[in-house]
Every structure is written in structure tokens, then in C-alpha cells.
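One line per chain: the protein sequences are A and B, in this order. So the first sequence is numbered by the working numbering: it starts at 2 and just counts up by one. So the second sequence is numbered by the working numbering: it starts at 71 and just counts up by one. Note that CB positions come from ideal geometry on N, CA and C, so glycine has one too.
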Amino acid sequence: MDMPEPSARLMARKDRIVAGLRTILPADAVIDDPIETRAYECDALTAYRCPPLAVILPRSTDEVAAALRFLHDEGVPVVPRGSGTSLAGGALPVADGVVLSVARLNQVLEIDLPNRLVRVQSGVTNLSVTGAVEGEGFFYAPDPSSQLACAIAGNVAMNSGGAHCLKYGVTTNNLMGVTLVTMSGQVITLGGPALDAPGLDLLGVVCGSEGMLGVVTEATLRVLARPEGARPILFGFESSEVAGACVADIIREGVIPVALEFMDGPAIRACEAFARAGYPLNATALLIVEVEGSAAEIDDQLARIKAIAARHNPIAQRESASEAESKAIWLGRKSAFGAMGQIADYICLDGTIPIGALPEVLRRIGEMSARYGLDVANIFHAGDGNMHPLILFDANAPGSLEKVEAFGAEILTLCVEVGGCLSGEHGVGVEKRDLMGVQFTPADMAAQMAVKDVFDPAWLLNPGKVFPLDAVAAHRRAAA
Amino acid sequence: MSLPRLRPATEAELAEIVATAAARGQRLCIAGGGTRAGLGSPVTADAVLETGALNGIKLYEPAALTLVAGAGTRLSEIAQTLAAEGQRLPFEPMDHRSLYGTEGEPTLGGMVATNASGPRRIQAGACRDSLIGLRFVDGRGRVIANGGRVMKNVTGYDLVKLMAGSHGTLGVLTEVAFKLLPLPETTVTLILHGLNEVAGVAALTAALGSPYDVSGAAYAGARTLVRIEGFAASVAHRASALAALLRPHAAAEVLNDTSEAAEIWSAIADLRSLAARPGPIWRVSLRPSDGPRFLSALRRHGVEVTEAVLDWGGGLVSLRVSAGSEADGAAIRTEATAMSGHATLLRAPDDLRAQLGAFHPEPAPVAALSAGLRARFDPCGVFNPGRMAPARLTVPITAEV
């Protein structure tokens, strides 16, 4: 994986750039010691690392604007960073650029429960948005697995999803407004407490733009009243075809569970060994179905779901009987990545497929697995088609990373081939950047790059992400 | 004077028409069913480009809750096909025909271009939230795809959102894809009679802050309306819990009859009561709790509001004023701006819409980005010139009132 060639001119000017930043920001907000900046050299995609020129930690929108204005005028690339939990390398630094961390933008600014909204600074973590309102019976719906650590800034940049988005949508569906600082240092408000502003939906295009259009410093988020209760049920099936058919029947009959999760045999066994959730070890496919409401509503919905599942002869079925049991069931699922990490090194993919293609895709992944000689565990948001195949490998074996990446690329290409996409919720970052041409024509990509041209004409923000480097070079040559 | 009408049969033919128009400096007014033609500022064009022949369902997978169809497909056809499988578009799109006195059939493309959403927007999101993919032709005649047919997709920039609500000023939609929801087994509407606007919105706020998954919350004609939908047992439980919750506000009449209730909600979605009498109509989006405060501020300014309907829990105020004038528009926009909201002049004669600008003015840096995007997507100014234009006369917009 290549990154843009760092500018020797900028590298040589490091001292001047750092000194300039120190005239704008408080002394403790600028880090340039190479030992200290090492903490920022990668995000959760740890295979790729690059020490940045410096790291800045502004405390306010004004400080962000002042720093960006200076860096823009100096022609210095900037990599925005939330909590660094990106699995796609969205916050991978560049050697001639400055990392802008929003970690100190950590204030909840406004809680307006009558209007069901919260305004926060963007360094606030996903889970602490819920934390700010749960005492009053509200919650923030998008729930990525990293929600304890991940920042709202990163959620907005990647349009993060989660296990419960079948019912509640992803970040873009719960984001009402942002304060955005453009690369030139201009502070802009998009959206806000009033829904559906007229004019072009710039908020909609900023969300999911991977920190390439501006730095989000504040966000207005929709919060919802927490349902009266929720209860998961587990079903084990003898094949993934049968589990897939069961998912299709549940949806066909008008039941929209709040979550509908699928795991295959290797994932079941790893999660059970790790979390002791009571998963059926004899099953080849597991569904976790969760419904919400009052106890009676839950009973009614689960009765419908059990009747549908019965037609598919589940070999195991367990309805949660207590809060503790529900927690254990979800702990198993949410710790899936950690569980895999105990067994081997892995890469986690994130393609989406049309739900009907599940059996075919799993069969073909199985064939690839045999061909590459690498094991795969499949975890799947079955309601919305978002797959997370985990390819297991030994990072110390020479050439193994290249091999596992080739395998991953083949799986993602298959996702596109059956009508899906490269990324359902993690984003493109550097990880899937060079596969963009599988999903998009040059004209499709040019239209997206035209948006970048408008927001950041010099392409200084988060370089080397989302678009293949040669496509960017050709696009910018044509525009010049 | 009637303009020449172009009706391409395929996307490729449409792309060629646009490329030719761009080369010749010809301006095109895009029309689906033509039912929303009064929405936005007046368009000046040399020809009408009809999308009606780009119709038909390309893919419908009920078990995946997804639909892909040509932009010119009639909404009535879509609704019928989906209903046969017990499904629907989630966002209850507004039908603009009563408002504009237009005939013909609304199309998917027009609905997307205007981001038309109804009362269920507060629960299920707007049109843009259910839109998962599209194809369009840009102002140079290039065919561009974005999004897809799966509901979870963060691959590349989200041009799907950018195109929704862009009123045809960035490109001509040729194909659109949606996430669907099941039709509910039962619908119940609770009606609270006799509350004023302030008390009505307070009741709606209580309902929306409850865990009972309200799918409609409106105030119209001194009736406060709360809708819940779903399986019969669940709706029965939630209806009685909501009635108890709202008892301190007023006793609730429970309307079980779904056809009567459907009529009430479609009248609110389509603003039929406001549309029935003459006078300019405005649509103002605010923080829900500011809805009643906004109306009283207008009355203080001497704006003669002849009728108002509050939807989205109070956050969407649609109102008719007695006589359209520059002064009314200034007061409405000034108050909306002061409350961090925005006001659209939804129905008015062409000259008034041109004079005030149909859409709320954007702050200068936002307007500059939007202008930059239009210059990139439609560099020759082919599409719907004037539709999203700012006010022709400068109306003073200040936060001071």
C-alpha cells in the first residue's frame, strides 16, 4: 500500500511549522517529540504506521480554525483523528503532515430532551452521549462495537453503524447538524436543531467523507427514548443456507427486529470460548435476534419469530430469561474480534451484500479459504447485509500480510460482484482505497472527487485516503 | 408560450440530450410528473426534459426490503406493488397536487429531488434517509452512480444525500433505490381535543419523549394527534399506555378505524386544508418546542396567519398568510433565523417566489460551497436555472426583531 510521497521541503521545515503552531496554540497542545508522536503513528489498522511531523490537540473550534488557517497557508497536510479506532486506516498519518486530534474537544454542550437532541464537541465518545442522557431514559442509537472508545468525530467521518441499525439507522440518520472547520480555517454550521434545511444537503455529504472535507468540531445528535425493554433469542442451525432462509422469512413476514446477527461455526466457537455466552457449539450457523418493547410486546414478537424459525428446524434455541443472560449473549457477539485475537492475528472485512446472496457468498468464501490455506470466521449483520469475515493468519510468517490482503480483496470483489459494496460501516480509508475501481467507474469517482475539490481545493486534508492515488493524480492534472 | 418537450426513452438518450444542451448553452427544466412544478423559485428554461419514459421497477426483493426503479416510475405504481407484498416507502411522501392544483402522477424522481417526506419523518427519517442508491446524468451528460442496492454502505462519498433535495440542480436522476419497511398490521390515532397550540405541542412532546414509538405527532384544527403503528397486541398496549401518559394534558379519543385515520394523516402530509384557500403558504422547520413560540411571534409582527398546521411534534409549521407581501416574508424569515430554523415559501405566485426566493437564504460560506458544487456538477447551467436561486430583491434578514 503506497502513500503520497512526502514533501522534502515540508519535512525540512518541521521546526518552523512547529514554532508557528506554538504561537497559535497553548504549549501543551503541540507535540513534536518523536517518542510522543509515536502514539499517533497508526489507528486500529495497525499493519500500517507512519510517524507524523507533529500532533496538535486543540481545545476549541477557534483553536482548530486558527491552526488550520496556518497549516493551509503553509501548505501542510492535516490528518484529523478521533479516538484512533478506525479499522480502515482512516487516521493513518502522513510523514509531512500534522495529526489534528479532537481528543480535548470533550464537552457535552447542550442537552435538550424536550426536543430530543444533544449537542456535543466531537471528541466526546459515542457511549458518553448515551451516558449524558440515560438517566432521563434516553439513548443515542448508533452503537459501533468500539463505542466505549470511539469519538463522535470519527463516527461522523466514517458514518459509523452498529448492531442495532436495522431499526435505528446509522450515524447519518441520527446526525442533525455539525460545526465544520474547512481546511482554510473557515467555520461553517450545517444543519442544526431544525430538520431538513433547504439547500444542498452538505451535512449528508460531509457525513462519511472520512475527514477529507473538513474537521467536525461539534455535532447535534438525535437521541431517542429508550424502549421499555429488550430481549435477545438465539437460534442454532445446521447450515448457513437455512439460517439465511430464516432471516429472509422473518423480514418477509413484517417483523423488523432491532438486531439480527449471524455467526458461523468458527465464530461461534471462538466467541463461546472467550465469553461463555452459552452459544450452541454444535451449530454451523447462529442467529441472535433481538426485539424491543414491553414484556408483553416482546413475548408477542418472539412468538412470531419462534414460529418462523421452527419451520427451519433449529438445532438449538435459547430465549434470554434475564438481564444477565441478555448481557452475556451480547458480550459474546461484541467481543468477537477480541476472541479472534486470542486465537490468531486477523483482518476484519466489512463488505455488504444483498441478503439473498448470503449462502452463495459464504460458499465461495469457503472455497477461497481452502485455496489460500487461511481460516475465516464470518460475523454478519444479517438484517442489513453487512458482513464481517475475519481472516485468520500469523503476522510473523513472511509474506503473510500480502497473502491475507489478496484474500480480503477477493472477498470484497465478490461482495461487489453480487450487488453489494466494499464497506458497510468501517469506511474505505487506506485499506480499501485501491479497490474503489471495483465498485466505481472513473466518472463515478470523478464526481466524488469534485466534491473534494470544492471543500479542499489543495487536497491537504487527510491525503491518501478513499481514492486510489493514481486516480487522484489524474483528476488533479485534468483540473489544473 | 409552451416550451418544446424532450422525452428520452433511455438513460443513454437522456445523457446525449444533456451533452448537446450543454454544448449549445440550452437550459432544461426537468419534469417527472410535473405535480411539484410550483415548488422552488421559478425556472427559466428553453425546453422541458421529461423523465417519465425512464420508468419501471428494475429490482424488488421483499426479503431484503429493497427496491430499485427508474426515476420516472409513478409513485402510485410503486405503492401498489409494495402494498401487494405488505411493504411501503417508510417516509410518507407529501403529494403536492392539492397544493399546486396540478394534475398527473408524482414520480420517484420528483419525490427524491424535493426530498418529500411526511408525518412519519420523525420516526422513519426523511426521503433521503431511505434512499440507498441512485444513478444520474450530470451537466456534461456523464452518467454517474452512487450508493447501491444495500442499506448499509459507506463506500466513497455519499452523493445520494447530496442529490436528494437538490431540486434537479446538480443532475437528472435516472434510477433510484430505496430501503423499505413493512406495512403495519394496525394503526391507532389518539386525538386530544380542545388544546391550544402551546398545550398541544406540550402533549406531543410528552408522547415523543415516551418509549412508545410514535410515528406521527401533529396539531391541526385544535386537534392534537398522535399515531402509533405495528402489530395489534403491541399497538393496543402502547395506545393505552400513551392515553394514560397524556391524561394530564387531555382525555384521548382513540381512533381505531384505519381508513379514517389514514385520511387524517394524508390531509396533514399534503396540507390539504391549507391548500383549500388562497394566500401564500410557508413551511418552517424549527426546534419542535419553538413551533408555538414562532406563531405567536408572527402574530406580534402583525402577520395575519389565516391557518397553521404543526407537524413533526411542533417542529414543522406550515402556515397560510392572508396576503403575500415582502413585509410578511421578511418577518417570517427573520423569526425563523432567530430561532435557528428556516422558512420555505411553499406556494405563492411566481413573482413573489422570485422576489423572496423560495428557499431560506444560506449563510455566505455555505452558499459559496453550494455554488461551487453546482459549478462542478452543472458547469454550463443546464439544469433548472433559477430553481434554488436566492431572493431577487434583498430582503433584510436580521436576528433583531
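Please list, in chain order, the residues of the region 409-426 of chain A that have any C-beta partner in chain B closer than 8 Å. Residues are counted here when their Cβ sits less than 8 Å from a Cβ of chain B; for the region 409-426 of chain A these are Gly420, Gly421, Cys422, Leu423, Ser424, Gly425 and Glu426, given in chain order.
Could you tell me which uninterrupted alpha helix (DSSP H) segments, each at least 4 residues in length, are contained entirely in the region 325-360 of chain A, listed from first to last along the chain? For the alpha helix (DSSP H) assignment, the uninterrupted runs of no fewer than 4 residues enclosed by the region 325-360 of chain A are, from N- to C-terminal side, 337-344.
Contacts that Cys166(A) makes with chain B (C-beta to C-beta distance below 8 Å): Residues of chain B whose Cβ lies closer than 8 Å to the Cβ of Cys166(A) are, in chain order, Lys222.
Taking CB distances under 7 Å as the criterion, tell me whether Arg232(A) reaches chain B. So, not an interface residue.
Nearest-angstrom Cα separation, counted from Gly238(B) out to Ser355(B): Within the model, the alpha-carbon separation for Ser355(B) versus Gly238(B) is close to 22 Å.
Under the rule that 16 or more other beta-carbon atoms within 10 Å means buried, what is Arg307(B), buried or exposed? A quick correction: the sequence has His, not Arg, at residue 307(B). Residue environment for His307(B): buried (at least 16 other C-beta atoms within 10 angstroms of its C-beta).
The region 218-231 of chain A / the region 459-473 of chain A touching (three or more Cβ pairs under 8 Å): They do not touch, by the three-pair rule.
7 Å CB neighbourhood of Ser30(B) in its chain, flanking five on each side removed: Outside the displayed range of chain B (71 to 471) lies residue 30(B), so it cannot be described from this structure.
Cβ of Gly451(B) within 7 Å of any chain A Cβ: Not closer than 7 Å to any Cβ of chain A, the Cβ of Gly451(B) fails to qualify, so no.
Determine the chain B residues that contact Ser240(A) at a beta-carbon separation under 9 Å, and present them in chain order. Around Ser240(A), no beta-carbon contact reaches into chain B at under 9 Å, the shortest distance being about 18 Å.
DSSP has Ile289(A) in a bridge; who is on the other side? Within the DSSP bridge table, the entry for Ile289(A) names Leu235(A) and Glu262(A) as partners.
Does the distance from the CB of Thr353(A) to the CB of Lys128(B) come in under 7 Å? Contact flag unset, no.
Using three-state DSSP, classify Val182(B) as helix, strand or coil. Helix.
Whole runs of the beta strand (DSSP E) within the region 314-379 of chain B, excluding any shorter than 3 residues: Secondary structure in the region 314-379 of chain B: the beta strand (DSSP E) runs of 3 residues or longer, each lying completely within the stretch, are 322-325 and 351-355 in chain order.
Identify, in the order they occur along the chain, each residue of the same chain with its Cβ nearer than 7 Å to the Cβ of Arg423(B), setting aside the five sequence neighbours on each side. Excluding positions up to five away in sequence, the list reads Ser111, Pro112 and Leu415.
Beta-carbon separation of Met159(A) and Val431(A) under 7 Å? No, Cβ-Cβ distance for Met159(A) and Val431(A) is not below 7 Å.
Drop a sphere of 10 angstroms on the beta-carbon of Leu36(A), count the other beta-carbons inside from all chains shown, and report buried for 16 or more, exposed for fewer. Before going on, a small fix: residue 36(A) reads as Ile here, not Leu. Around the Cβ of Ile36(A), a 10 Å sphere holds fewer than 16 other Cβ atoms; the residue is exposed.
Contact check, Val100(A) vs Pro27(A), beta carbons under 7 Å: Contact: no.
Inside the region 421-468 of chain B only - alpha helix (DSSP H) runs reaching at least 4 residues: For the region 421-468 of chain B, whole alpha helix (DSSP H) runs of length 4 or above, ordered along the chain, are 434-447.
Quick one: what's got a C-beta closer than 8 Å to Gly138(A)'s C-beta in the same chain, skipping five residues either side? Result list for Gly138(A): Ala226 and Arg227, in chain order.
For Arg75(B), decide whether its Cβ has a neighbour in chain A, counting only Cβ atoms nearer than 7 Å. Output row for Arg75(B): interface = no.
Kindly identify the DSSP beta-bridge partner or partners of Gly300(B). Thr256(B).
Give me the subset of the region 279-291 of chain B whose CB atoms are less than 7 Å from a CB atom of chain A, sorted by chain position. In summary, the residues of the region 279-291 of chain B whose CB is separated from some CB of chain A by less than 7 Å are Gly279, Ser280 and Pro281, in the order they occur in the chain.
So that I know if they touch, is there some Cβ in chain A lying closer than 7 Å to that of Arg219(B)? Look at Arg219(B): its C-beta is under 7 Å from a C-beta on chain A.
Can you check which of these residues, Ala271(A), Arg365(A), Val206(A) and Met369(A), is closest to Leu439(B) by C-alpha distance? Of the listed residues, the one whose Cα sits closest to Leu439(B) is Val206(A).
Could you name the residues of the same chain whose beta carbon sits closer than 7 Å to that of Gln91(A), not counting the 5 residues immediately before and after it, in chain order? The identity of residue 91(A) in the sequence shown is Gly, whereas the question assumes Gln. Asp44, Ala158, Met159, Glu211, Gly212, Gly428, Gly430 and Lys466, listed in sequence order.
Compile a chain-ordered list of the residues in the region 326-349 of chain A whose CB is closer than 7 Å to at least one CB of chain B. Within the region 326-349 of chain A, no residue qualifies.
Name, in chain order, the residues that DSSP records as bridge partners for His389(A). Ile380(A), per the DSSP bridge assignment.
Does Asp457(A) come within less than 7 Å of chain B when only Cβ atoms are used? No, Asp457(A) does not count as interfacial toward chain B.
Roughly how far, in whole angstroms, is the beta-carbon of Asp415(A) from the beta-carbon of Leu350(A), given that I think they are within contact range, below 8 Å? Note on residue identity: the sequence assigns Leu, not Asp, to residue 415(A). 10 Å between Cβ atoms; not a contact.
Chain-ordered residues of the region 181-204 of chain A with a beta carbon less than 9 Å from chain B: Going along the region 181-204 of chain A in chain order, one finds Thr183, Gln187, Val188, Ile189, Thr190, Leu191, Gly193, Pro194, Ala195, Leu196, Asp197, Ala198, Pro199, Gly200, Leu201, Asp202, Leu203 and Leu204 with a Cβ nearer than 9 Å to chain B.
Please report the distance separating the alpha-carbon of Ala66(A) from that of Pro115(A). C-alpha separation (whole angstroms): 32 Å.
Contact belief for Leu251(B) with Ala194(B) at Cβ below 8 Å, rounded distance in angstroms: That belief holds up - the Cβ atoms of Leu251(B) and Ala194(B) are roughly 7 Å apart, short of 8 Å.
Close beta carbons around Ala322(B), own chain, < 7 Å, minus the five adjacent residues each side: Beyond the five residues adjoining it in sequence on each side, Ala322(B) comes within less than 7 Å, by CB distance, of Leu260, Ile261, Leu262, Ala313 and Leu316 in the same chain, given in chain order.
Judging by CA-CA distance, which residue of Val217(A), Ile251(A) and Glu242(A) is the nearest neighbour of Ala507(B)? This structure leaves residue 507(B) out entirely; chain B is present only between 71 and 471.
I need the boundaries of the alpha helix (DSSP H) containing Glu1(A), first residue and last residue. Residue 1(A) cannot be examined here, being either before or after the span of chain A that is shown, 2 to 481.
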